[in-house]
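Residue numbering for the sequence shown follows UniProt numbering, beginning at 1 and increasing consecutively. By construction, the Cβ of each residue, glycine as well, lies at the ideal position given by its N, Cα and C atoms. Beneath this line is the structure, given in structure tokens, with notes to follow.
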Amino acid sequence: MIKKYLKKAIDFTKKRVFIYPVLLSILLGGFGVRLYKIDNPVADWHAWRQADTASVSRFFVEDGIDLLYPRYHDISKIQTGYENLAGFRFVEFPLFNLIHAVLYETFPGVGFDIWGRLVSVLAAVATSYFLFEIGRKQFSVAVGLLSAFFYSFLPFNIYFTRVILPDPLSVALGVGSVYFFINYVTEKKLTQLFVSALIMSLAVLVKPHAIFFGLPIAYLAVKNFGFKEILKNRWLFVAVDIVLVPFLLWRVWMYQEGLIRGIAHWEWAFNGNGIRFRPSFWRWLFGERTGRLILGFWGILPFGVGALMGRKLTIIHAFLVGAFLYLSIFASANVMHDYYQVFIVPAIVLPLALGTKEIWVNKLFHPVSAKLGLVALIGLMFGLSFYDIRGNFRINDTGILEAGKVANEILPKDAQVIAPYNGDTTFLYQTGRSGWPAVTTSIEKMIELGADYYISVNLGDLDTTNLSSRFEEVRRTDKFVILDLHKKL
Numbered sequence: 001m002i003k004k005y006l007k008k009a010i011d012f013t014k015k016r017v018f019i020y021p022v023l024l025s026i027l028l029g030g031f032g033v034r035l036y037k038i039d040n041p042v043a044d045w046h047a048w049r050q051a052d053t054a055s056v057s058r059f060f061v062e063d064g065i066d067l068l069y070p071r072y073h074d075i076s077k078i079q080t081g082y083e084n085l086a087g088f089r090f091v092e093f094p095l096f097n098l099i100h101a102v103l104y105e106t107f108p109g110v111g112f113d114i115w116g117r118l119v120s121v122l123a124a125v126a127t128s129y130f131l132f133e134i135g136r137k138q139f140s141v142a143v144g145l146l147s148a149f150f151y152s153f154l155p156f157n158i159y160f161t162r163v164i165l166p167d168p169l170s171v172a173l174g175v176g177s178v179y180f181f182i183n184y185v186t187e188k189k190l191t192q193l194f195v196s197a198l199i200m201s202l203a204v205l206v207k208p209h210a211i212f213f214g215l216p217i218a219y220l221a222v223k224n225f226g227f228k229e230i231l232k233n234r235w236l237f238v239a240v241d242i243v244l245v246p247f248l249l250w251r252v253w254m255y256q257e258g259l260i261r262g263i264a265h266w267e268w269a270f271n272g273n274g275i276r277f278r279p280s281f282w283r284w285l286f287g288e289r290t291g292r293l294i295l296g297f298w299g300i301l302p303f304g305v306g307a308l309m310g311r312k313l314t315i316i317h318a319f320l321v322g323a324f325l326y327l328s329i330f331a332s333a334n335v336m337h338d339y340y341q342v343f344i345v346p347a348i349v350l351p352l353a354l355g356t357k358e359i360w361v362n363k364l365f366h367p368v369s370a371k372l373g374l375v376a377l378i379g380l381m382f383g384l385s386f387y388d389i390r391g392n393f394r395i396n397d398t399g400i401l402e403a404g405k406v407a408n409e410i411l412p413k414d415a416q417v418i419a420p421y422n423g424d425t426t427f428l429y430q431t432g433r434s435g436w437p438a439v440t441t442s443i444e445k446m447i448e449l450g451a452d453y454y455i456s457v458n459l460g461d462l463d464t465t466n467l468s469s470r471f472e473e474v475r476r477t478d479k480f481v482i483l484d485l486h487k488k489l
């Protein structure tokens, strides 16, 4: 009897000795690759959205943390339809910004923008761990490790989980909620249920899109309890309240008179351009984004094998249904902006991992040729995906960085500026001043609204030429000009 238990203990130790060093290597590797160009200024791909997020964090640092009244630098009516002179920013609950600001204030030597990126990087590492546990508990250790590996190293995901955006944090919280719910249905401990509900509540507050991670949770509930038992389990209804009530309260708060000016246009995200289920919808989301950018074409084979495995529904199918509903409901947003697909990556890596494992152990093919072919497929997937993603890291316009640096050095801290960049707030963010990212009305009206300076990197455009003949120059170089709107020539 002692020998039997000793053998089990040794086998268990051997497994742990193998599993956790490999997992740790994956997590550290995932963290390490995301340090590539971590010190990039906020001027790379999707910089405008990153600038808006970082702007809220900067206000928290400079003016104090106020979760109920988040503000940012854009005071124009471009994003909201209202003159937003207070600069309110009601898009997501500012949990990301709270973490960003606290980390920067605690360790300022790291750098403000770097900390913003690191919040997303750390969230990605957490998601990788949760996916390992989900894969391990639902399938096998190999599937768990492969899930963590693919989430950590898919080139698309590397870029979009080292950006200054709340999306990776929301994904981490949503996937974490699924993990804790798995623990609840296996251990029947209410603490696991409430932890799952609490972090799902935070996930939905950060980005409502995280609600689609509720599909795997619903699948687990039905599978383990059945519909009748679910209706009898009052604690499940308490958990649903924990998820939804804070979100609803936040929405009610946002729509108060005065604060509504800070709510960005959102109706367009559903089907604003009528693209849902049109041929271009399938082409962009399933051909270009999923097939080319995320899976590098060649990853479609192991992904397909994993998605179609078995005769029974699994948690993978629940993830995939949730991902499809997300893409379909927020059709216009997903087609227009590739960063929206961050939310479907967990649903992709789980079947990708399962399919990879099944092809590796499959006995229908010659074992050596099958394994070599699989390695070639995975290598091509990574290579082709990286080929398309690598351009995202580039800084395409250094002029706005130079102009922003000078403006930040010489202009009064309370100055309000016009930094025209076709409505893109990246340039405005670089100046460190509140203002307008475009000329939205007559210059006289904008001066009445509070504009003090005009900063342009487009020296030859009509507005810049016209205003340069009317107002005194504060600074001019071959790349930018700064005009004082209170000093006429």
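Item, Value
"Can you tell me which of the three DSSP states residue 305 falls into?", "helix"
"Do the CB positions of residue 178 and residue 208 come within less than 8 Å of each other?", "no"
"Assuming contact is defined by CB atoms lying nearer than 8 Å, are residue 329 and residue 220 in contact in what I supplied?", "no"
"Indicate whether residue 297 and residue 291 have their beta-carbon atoms separated by less than 8 Å.", "yes"
"In this structure, how does DSSP classify residue 111 when only helix, strand and coil are distinguished?", "coil"
"Does the distance from the CB of residue 333 to the CB of residue 281 come in under 8 Å?", "no"
"Give a yes or no on whether the C-beta atoms belonging to residue 210 and residue 174 are separated by under 8 Å.", "yes"
"Can you check which of these residues, 461, 87, 142, is closest to residue 18 by C-alpha distance?", "142"
"Among 127, 253, 312, which one has its Cα closest to the Cα of residue 91?", "253"
"Name the residue from 127, 167, 137, 163 whose alpha carbon lies nearest to the alpha carbon of residue 148.", "127"
"Are residue 467 and residue 443 closer than 8 Å when you measure CB to CB?", "yes"
"When DSSP builds the beta bridges, which residues end up paired with residue 416?", "434"
"Using only alpha-carbon positions, find the residue among 163, 446, 81 that is nearest to residue 100.", "163"
"If we call anything under 8 Å between Cβ atoms a contact, is residue 323 one with residue 153?", "no"
"Taking the alpha-carbon of residue 150 as reference, which of 300, 415, 54, 352 has the nearest alpha-carbon?", "352"
"Which residue's Cα is closest to the Cα of residue 421: 247, 461, 409, 27?", "461"
"What runs of the beta strand (DSSP E), each 3 residues or longer, lie entirely inside the stretch 292-354?", "none"
"Thinking C-alpha only, which one of 325, 45, 63 is nearest residue 156?", "45"
"So does the stretch 133-140 actually touch the stretch 78-89, counting three or more Cβ pairs closer than 8 Å?", "no"
"Assuming the contact rule is C-beta atoms closer than 8 Å, residue 117 and residue 38 should be a hit. Round their C-beta distance to whole Å, please.", "5 Å"
"Which term fits residue 283, buried or exposed, when burial requires 16 or more other beta carbons within 10 angstroms of its beta carbon?", "exposed"
"Buried or exposed: residue 394, going by 16 or more other Cβ atoms within 10 Å of its Cβ?", "exposed"
"Kindly indicate which residue of 171, 265, 257, 109 has the alpha-carbon position closest to the one of residue 121.", "171"
"Checking the sheet assignment: what are the DSSP bridge partners for residue 456?", "481"
"Measure the alpha-carbon distance for residue 145 versus residue 354 and round it to whole angstroms.", "10 Å"
"If you draw a straight line from the alpha carbon of residue 35 to that of residue 470, how long is it in whole angstroms?", "46 Å"
"Count the other CB atoms within 10 Å of the CB of residue 476; is the residue buried (16 or more) or exposed (fewer)?", "exposed"
"Which whole-angstrom value describes the C-beta separation of residue 486 and residue 452, a residue pair presumed to lie in contact below a C-beta threshold of 8 Å?", "7 Å"
"Measure the alpha-carbon distance for residue 285 versus residue 243 and round it to whole angstroms.", "29 Å"
"Does residue 13 pass the burial test, meaning 16 or more other C-beta atoms within 10 Å, or should it be called exposed?", "Here residue 13 scores only 49 on pLDDT, less than 50, and its place in the model should not be relied on; the value that follows carries that caveat. With fewer than 16 Cβ atoms within 10 Å of its Cβ, residue 13 is classed as exposed."
"Would you verify that the beta carbon of residue 423 is, or is not, closer than 8 Å to some beta carbon of chain C?", "Annotation note: the requested chain C is absent from the structure, which comprises a single protein chain."
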